[in-house]
Each structure stands twice: as C-alpha cells, then as structure tokens.
Amino acid sequence: MKTSLHTLLLGLALVAAAPSHAQSLESDAMPVHSSAERLVAETSVASLEVAAPKGGKDKSAESTVQGDNIVRTALKYLGARYRSGHSGPTAFDCSGFTSYVYGRQSINLSRSSRTQYQEGTPIYNTSALKKGDLVFFGGSRSTRTVGHVGIVTDVNPATGQFKFVHAARTGVKVDDSNSAYYKNRYIGARRIVQN
158 MKTSLHTLLL GLALVAAAPS HAQSLESDAM PVHSSAERLV AETSVASLEV
208 AAPKGGKDKS AESTVQGDNI VRTALKYLGA RYRSGHSGPT AFDCSGFTSY
258 VYGRQSINLS RSSRTQYQEG TPIYNTSALK KGDLVFFGGS RSTRTVGHVG
308 IVTDVNPATG QFKFVHAART GVKVDDSNSA YYKNRYIGAR RIVQN
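Start counting the sequence shown at 158; every next residue gets the next number (the working numbering).
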C-alpha cells in the first residue's frame with residue numbers, strides 16, 4: 158500500500174513540478190527526477206499511510222490470530238482446579254481464569270465477571286460470536302445478574318450455538334451453550350479483541 162501511494166505521489170509531484178506553457182523549455186527549467194523525489198520525501202509519512210491500517214498491519218488478521226491464541230492458551234488449563242478467589246495458574250475461579258488467559262496475551266481484564274461484562278464491545282447475536290469472545294451467565298443465585306464468565310472456543314453461525322471454556326465448580330472444562338443449565342442462564346457476550 159505504501160509503495161503504490163509513494164508511486165502515485167511521485168507521479169503527482171512530477172506533474173506539479175512540470176513547467177507551465179509560460180515557462181521556458183530550456184533544460185534548466187525542466188524538473189529533474191531528484192526534485193520530484195524531494196517533493197515526495199517532504200510529504201509527511203502520515204499522508205502516505207492514510208489508507209493503510211495503523212502500524213501498517215492488517216488488524217483483522219492480527220485479531221483473528223489473537224482470538225485463536227486466547228482459545229489455545231485457555232485450553233492448556235483444562236482440568237485445573239476451581240478455587241474461589243484464585244487466578245491461576247494451578248487454580249481459578251471463573252473471572253480469575255478469563256483475566257489470567259487474556260493476561261497471557263498481554264490484554265488486561267478486570268478481575269470480576271460483572272466488571273468484565275462492561276468491557277469491550279457487546280455482541281447481541283450469538284451467531285456473530287467469534288473465538289476468544291467472553292460469554293456471560295447468571296449465577297446460581299440469580300439468573301438475571303452476571304455471575305459467571307467463559308471464553309468462546311467454537312460457534313455454529315447457523316444456529317448460534319457455541320462452546321466455551323470456563324472455570325466451573327468441577328474445574329476448567331469446555332461446555333456447550335445448548336446444555337439446559339447454561340442455555341437458561343445466558344446473559345450476553347463481549348468482544349475484547351476485534352476478531
């Protein structure tokens with residue numbers, strides 16, 4: 158992208174530096190290649206990168222990798238014990254697990270499921286879920302307030318059904334959104350990395 162913009166600006170600089178009809182066509186009045194290059198060099202780098210993503214990287218590809226990396230990291234802890242108030246690496250509660258996994262990817266999450274539910278971007282349709290998204294459920298005492306969080310590992314876009322890894326009372330495991338317990342307690346989802 159930078160190269161094609163550079164070539165375009167170089168061409169524009171040559172046209173701008175070309176003599177008008179009123180100018181003499183003597184050789185010293187003709188722009189030389191080096192003066193066109195100088196004009197391009199004086200053009201700010203920001204103007205060369207207008208159409209390119211920040212940092213010159215494809216953020217969609219980067220964030221897809223991040224979502225995959227989050228899931229891969231989370232699955233390394235399958236079977237780890239559940240312990241209230243713990244955030245790894247040998248024992249977790251639900252929000253301790255999600256904050257730990259995201260932290261391993263250098264992404265900071267708050268420590269409670271209720272505050273994590275305020276982070277990132279809301280996802281209103283489960284068919285739009287992606288790997289690495291956070292999914293939230295009501296707790297055992299109330300199905301209407303956030304009490305549990307997990308990380309999406311797979312989603313069926315046709316049905317909106319998804320699988321998620323989480324620190325359950327029996328330890329870190331993968332569950333299905335279609336199971337009666339979680340289906341009735343699902344509250345919503347948040348996207349922390351734009352994947």
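Heads up, the beta-carbon is just placed ideally off N, CA and C, and yes, glycines get one too.
As the structure is a computational prediction, the values presented were derived from the model and not from experiment.
Selection Gly260, Gln351, Pro314 and Val306 evaluated against Tyr339 yields Val306 as nearest (Cα-Cα). Of the candidates Asp225, Val309, His243 and Lys233, Val309 places its Cα closest to the Cα of Phe294.
The three-state reading of DSSP puts Ser244 in strand, counting E and B together. Between the region 335-349 and the region 286-304, the count of C-beta pairs closer than 8 Å reaches three or more; the two stretches touch.
Buried is the label assigned to Asp250, since at least 16 other Cβ atoms lie within 10 Å of its Cβ. Annotation for Tyr343: the continuous beta strand (DSSP E) segment containing it runs Tyr343 to Arg348. Distance from the CA atom of Gln351 to the CA atom of Pro279, rounded to whole angstroms, is 11 Å. Just measuring C-alpha positions, the residue of Thr247, Ala285 and Tyr274 sitting nearest Ala231 is Thr247. Within the region 276-318, complete beta strand (DSSP E) segments of at least 3 residues are found at 278-280, 291-295 and 303-312, given in chain order.
Around the beta carbon of Ser270, 16 or more other beta carbons sit within 10 angstroms, so the residue counts as buried. Three or more Cβ pairs closer than 8 Å define a contact, and the region 250-259 meets that threshold against the region 317-329. In the same chain as Gly242, and ignoring 5 residues on each side of it, the C-beta atoms closer than 8 Å to its own belong to Asp250 and Gly253, in chain order. Excluding the 5 residues flanking it on each side, Arg240 has same chain C-beta neighbours closer than 8 Å at Ala248, Phe249 and Asp250, in chain order. In the same chain as Asn335, and ignoring 5 residues on each side of it, the C-beta atoms closer than 6 Å to its own belong to Gln318, in chain order. Per the coordinates, the alpha-carbon of Lys330 lies some 18 Å from the alpha-carbon of Lys287. Tyr259 and Gly328 have their C-alpha atoms spaced approximately 18 Å apart. Assignment of Arg238 by DSSP, reduced to helix, strand and coil, places it in the strand class.
For Gly328, DSSP records a beta bridge to Ala325. Put simply, the backbone Cα of Ser297 is about 13 Å away from that of Ala337.
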